[in-house]
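To start, the structure itself, in structure tokens.
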Amino acid sequence: MERELGYRCALLISLTAAVSAQFQVHTKDKLVAEVGSNTILPCSLSPRLNPNELEVRWFRKLFHSVVFLLKNGQEDKEQVLADYRGRTSMPAGPQTGDLSLTLRDVQLSDAGMYHCFVENKSSQLYEEASTELSIVAVGFLPKLNLSLRDNSILVSFSSYGWFPEPEMRWEKVDGTNISAQTEESNKGTDGLFKVESSVLLEDVSDGNLYCSVRHPATGKDIGLYLNIAEDMFPRVSLWFYAFLVVLLLLLAAGIGAIIYVQRLHRERERLSGKVGRSSLELEWRTAVMKPDDICLSPETTHPQLSVSEDHRTLLNRPPAVTSTGNDLRFETERCSLGFPQFASGCHYWEVEVGEGVEWAVGVASPQVRKSGPAYQFSPREHIWCIARFVDVCQALDNDESQFQIAGGTLQRVGVYLKLSDPRAVSFYDIRSWGLLYKFSVPKTASEVRPFFWIGNRGGDIRLIKGREEEHEEREGAEDEHLL
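Take the sequence shown: its letters are residues -21 to -1, 1 to 462, numbered as in mature numbering (1 follows the signal peptide of the UniProt record, and there is no 0).
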């Protein structure tokens, strides 16, 4: 009997120890704290326990993200996150059953879940409770600014230091909402919002209004009442309208004067252009009526070509007497230069190419290449000419432009050389006086000479004498015929 009583006492003592080892941890589900304030994260322990046998751990998302740690009644600061060192404390403790955590100087980054974890080292039992901390920030009183905008007043306000983004509102005294003309919200590097808004007041009756910023979480409203005096609204006087009318009249007169001057300028340019064209045409007609007396230079003629005794015909055959070589003679291309050499003025001459199928006529620089490898005639080689290659007539410009001949054949070419600005050499079909092609002659070619070329299949080229001499020869031939 005594033994059974002893067993019952032992069992009762064991059950009592097991019950005493159990404990509970409680906290609130959600909390709200303001930026810059101090807040308390509540946590209670029941029943009260000896702190020397407990570990109390406040942590964030991860178990090792420690915000506050209490071991065996002593605070362990080594494992606490750097952002929380010096900002967390536990004023009470397990012996009082109050495990609430004090968080000082609250920041936006402090928002989130917090876990209160308690473990009894002797019984290996633990409990945990969680709370969510939301952070808000209430900004500063709005800053107002007034400015004139035409005949209205632009009222704008700005406020900084809000989180989350607040709501802006304009109201009349009677509570009627006013639509904002502009509204802007920007988030700073510190995560806080700056809001700006403005309204345009066009009537004196709009002078009394209320502008505010409302926090969406706390419902806190910060605003200002504004009363704008009637005298501040701009008024337009009769003098302004008179000034405006005079200004418009002056503008109209100025525009009319500008249009008149532009018309005079265009008319002057038209007359100047007409005079210029007339002057150019007069120069051309003068040169055509008094052609230059051009002769061929035997000293420059290719050895396979020869020059007639009167120096006016380039023959497609070697000379009877082989000429000696010199630096002036063309050795590569079947060419010849004429004389005189021109450096200024306007000049004209005519060349009869007949039925030849390979020829070229134009002008060239005295420094034109006469020996060495074969080359193509072009302005790059200091040659400005037109040519015939069997069935094709073309200007030997850098892009070798072809041109059409009226009637299909070209037997006589007129060459007009103008060495005053604008410098150019032009080629004409004598039968129709149609312009065949026009080259620009650069100022780098300070002097030029008549240029001629006959291909292997070409005919003779003859220089036409001046019109007066040609007319006299024609009359002499008619007299002989009559006799």
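Here a beta-carbon is modelled for each residue, glycine too, at the ideal position from N, C-alpha and C. Given the structure is predicted, the values throughout are model-derived calculations rather than measurements.
C-beta atoms of residue i and residue j nearer than 8 Å
| i | j | result |
| --- | --- | --- |
| V35 | L49 | yes |
| I273 | L442 | yes |
| K151 | F136 | no |
| W338 | R313 | no |
| G341 | G437 | no |
| E331 | V347 | no |
| Q58 | V45 | yes |
| S113 | V11 | yes |
| F2 | S25 | yes |
| S323 | S399 | yes |
| S109 | H94 | yes |
| R66 | L87 | no |
| E98 | L33 | yes |
| E262 | C364 | no |
Within-8 Å CB hit, residue i to chain C
| i | result |
| --- | --- |
| G118 | Here chain C cannot be found, since the structure has a single protein chain. |
Collapsed DSSP secondary structure at residue i in the structure displayed
| i | result |
| --- | --- |
| F219 | helix |
| R64 | coil |
| A159 | coil |
| W263 | helix |
| D89 | helix |
| Q241 | helix |
| V286 | strand |
| P352 | coil |
| V404 | strand |
| P298 | coil |
| N187 | strand |
| E54 | strand |
| R441 | strand |
| V225 | helix |
| L398 | coil |
| T279 | helix |
| R359 | helix |
| R193 | strand |
| E32 | helix |
| V230 | Looking at the sequence itself, residue 230 is Leu, so the reference to Val does not match. Note: L230 maps to helix in three-state DSSP. |
| E246 | helix |
Status (buried if at least 16 other CB within 10 Å, exposed otherwise) for residue i
| i | result |
| --- | --- |
| H5 | exposed |
| P352 | exposed |
| W141 | buried |
| R245 | exposed |
| S138 | buried |
| P421 | exposed |
| G393 | buried |
| T423 | exposed |
| N165 | exposed |
| P70 | exposed |
| S315 | buried |
| I238 | exposed |
| D271 | buried |
| F431 | buried |
| L180 | buried |
| L462 | Unreliable placement is indicated for L462, whose pLDDT of 35 sits below 50; the coordinate value is still reported in the next sentence. Exposed, by the Cβ-count rule. |
| T197 | exposed |
| K40 | exposed |
Inter-residue Cα distance where the pair is residue i and residue j
| i | j | result |
| --- | --- | --- |
| F318 | R249 | 39 Å |
| K7 | D89 | 17 Å |
| G309 | R264 | The identity of residue 309 in the sequence shown is Phe, whereas the question assumes Gly. Each residue's alpha carbon lies about 34 Å from the other. |
| E163 | S176 | 6 Å |
| M92 | L120 | 31 Å |
| P277 | S380 | 31 Å |
| Q74 | F38 | 21 Å |
| L228 | R128 | 26 Å |
| R247 | H281 | 53 Å |
| E146 | D182 | 26 Å |
| G304 | E260 | 43 Å |
| T155 | F219 | 35 Å |
| D439 | F406 | 19 Å |
| L284 | M268 | 31 Å |
| L60 | Y189 | 46 Å |
| L307 | V240 | 58 Å |
| G76 | W149 | 51 Å |
| V101 | D55 | Here residue 101 turns out to be Ser, not Val, going by the sequence shown. If you take the alpha carbons of S101 and D55, they lie about 19 Å apart. |
Integer-rounded CB distance, given that residue j should sit under 8 Å from residue i
| i | j | result |
| --- | --- | --- |
| I409 | E329 | 6 Å |
| V286 | L293 | 6 Å |
| R428 | A343 | 6 Å |
| H194 | V117 | 6 Å |
| V178 | Q160 | 6 Å |
| Y327 | A374 | About 18 Å; that fails the 8 Å criterion. |
| P358 | E426 | The pair is not a contact, with the Cβ atoms about 15 Å apart (cut-off 8 Å). |
| V85 | T168 | Wrong, their Cβ atoms sit about 18 Å apart, outside the cutoff. |
| K9 | E107 | Their Cβ separation, rounded to whole angstroms, is 17 Å, which puts K9 and E107 out of contact at 8 Å. |
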